[in-house]
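Sequential numbering of the sequence shown, starting at 442, is according to this note's numbering.
Note that the Cβ used here is the ideal one computed from N, Cα and C, for glycine as well.
In what follows, a structure is listed as structure tokens, so that the remarks can point back to it.
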Amino acid sequence: MTATTGATGIRAQPQDAGLAEALVDLSHHVLHLFADTGREDRLSQQQVELVCAVIVRGSVGMTELGRLLHVEKSNLSNLVDRLEQRGLVVRTRDPNDRRATQVTLTDEGTAVAMKVYHDVTGQVRQLLQRLPLDDQHNLAAVVRKIVRDEPA
Numbered sequence: 442m443t444a445t446t447g448a449t450g451i452r453a454q455p456q457d458a459g460l461a462e463a464l465v466d467l468s469h470h471v472l473h474l475f476a477d478t479g480r481e482d483r484l485s486q487q488q489v490e491l492v493c494a495v496i497v498r499g500s501v502g503m504t505e506l507g508r509l510l511h512v513e514k515s516n517l518s519n520l521v522d523r524l525e526q527r528g529l530v531v532r533t534r535d536p537n538d539r540r541a542t543q544v545t546l547t548d549e550g551t552a553v554a555m556k557v558y559h560d561v562t563g564q565v566r567q568l569l570q571r572l573p574l575d576d577q578h579n580l581a582a583v584v585r586k587i588v589r590d591e592p593a
């Protein structure tokens with residue numbers, strides 16, 4: 442099997458049959474979905490990711506949010522500050538660990554988060570409809586394995 446060359450001259454390695462490049466393309470596409478979805482509500486891509494993470498999980502600790510969003514503590518604090526100033530989230534003390542802070546959506550934040558979450562997931566579902574149902578199930582299993590096995 443030979444490596445394939447893209448428009449930039451970067452070669453896909455034969456051992457992954459272009460899978461790495463395809464996954465990078467897919468991740469860029471999904472990030473654009475987050476960014477595009479947030480525009481109407483004046484939310485950045487990272488803000489959309491944050492409110493979607495919180496709407497799915499309920500109150501989320503700052504440490505877990507940083508891990509989920511792959512952002513450093515100072516960047517996460519700034520991100521939460523901006524959402525807090527807009528009245529979309531509040532910081533609360535973790536009832537189980539008073540040293541820890543959790544991020545919780547306000548009523549307005551919940552409404553915005555529900556909207557953007559359903560917009561993003563709806564667009565992803567439209568993309569997936571191109572695949573037969575068996576392929577969708579297989580892809581879901583593979584993605585869960587990749588995400589679960591990812592080093593922290």
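Close Cβ partners of residue i (< 7 Å) along its chain, the five nearest in sequence each way excluded
i, result
"Val-501", "Ala-494, Val-495, Gln-543 and Val-544"
Straight-line Cα distance separating residue j from residue i
i, j, result
"Ala-541", "Arg-571", "43 Å"
"Val-561", "Ser-515", "27 Å"
"Leu-491", "Val-531", "13 Å"
"Leu-472", "Pro-536", "33 Å"
"Val-583", "Arg-539", "38 Å"
"Leu-506", "Gln-487", "11 Å"
"His-469", "Ala-463", "10 Å"
"Phe-475", "Lys-586", "23 Å"
"Ile-581", "Asp-522", "It should be pointed out that residue 581 corresponds to Ala in this sequence rather than to Ile. Approximately 34 Å between the Cα atoms of the pair."
"His-559", "Leu-484", "15 Å"
"Leu-574", "Leu-546", "34 Å"
"Arg-589", "Leu-509", "12 Å"
"Val-489", "Arg-534", "23 Å"
"Met-503", "His-511", "12 Å"
"Ala-461", "Ser-518", "32 Å"
"Val-497", "Gly-459", "32 Å"
"Val-465", "Glu-525", "32 Å"
"Arg-480", "Leu-520", "16 Å"
Chain-order list of residues whose beta-carbon lies under 6 Å from that of residue i (same chain, five-residue window excluded)
i, result
"Asp-482", "Val-553"
"Gly-563", "none"
CA nearest to the CA of residue i, picked from the options
i, options, result
"Leu-467", "Arg-585, Leu-568 and His-578", "Leu-568"
"Gly-499", "Arg-566, Asp-538, Leu-484 and Asp-548", "Asp-548"
"Arg-527", "Arg-534, Thr-551, Asn-579 and Leu-510", "Thr-551"
"Thr-478", "Asn-579, Arg-566 and Lys-556", "Lys-556"
As assigned by DSSP and simplified to three states, the class of residue i
i, result
"Met-442", "In this prediction, Met-442 has a pLDDT of 45, which is less than 50 and means its spatial position is unreliable; nothing more can be read from the coordinates."
"Arg-606", "Since the displayed the chain opens at 442 and closes at 593, residue 606 lies outside it and no answer follows."
"Arg-585", "helix"
"Leu-572", "coil"
"Arg-527", "coil"
Cut-off 8 Å between Cβ atoms - residues of its own chain near residue i, not counting five sequence neighbours on either side
i, result
"Glu-513", "Gly-507"
Alpha helix (DSSP H) segments (min. 4 residues) lying fully within the segment 536-569: Correct list: 548-569.
Length-filtered (4 minimum) alpha helix (DSSP H) runs lying within the segment 448-520: The qualifying runs are 460-480, 486-498 and 503-510.
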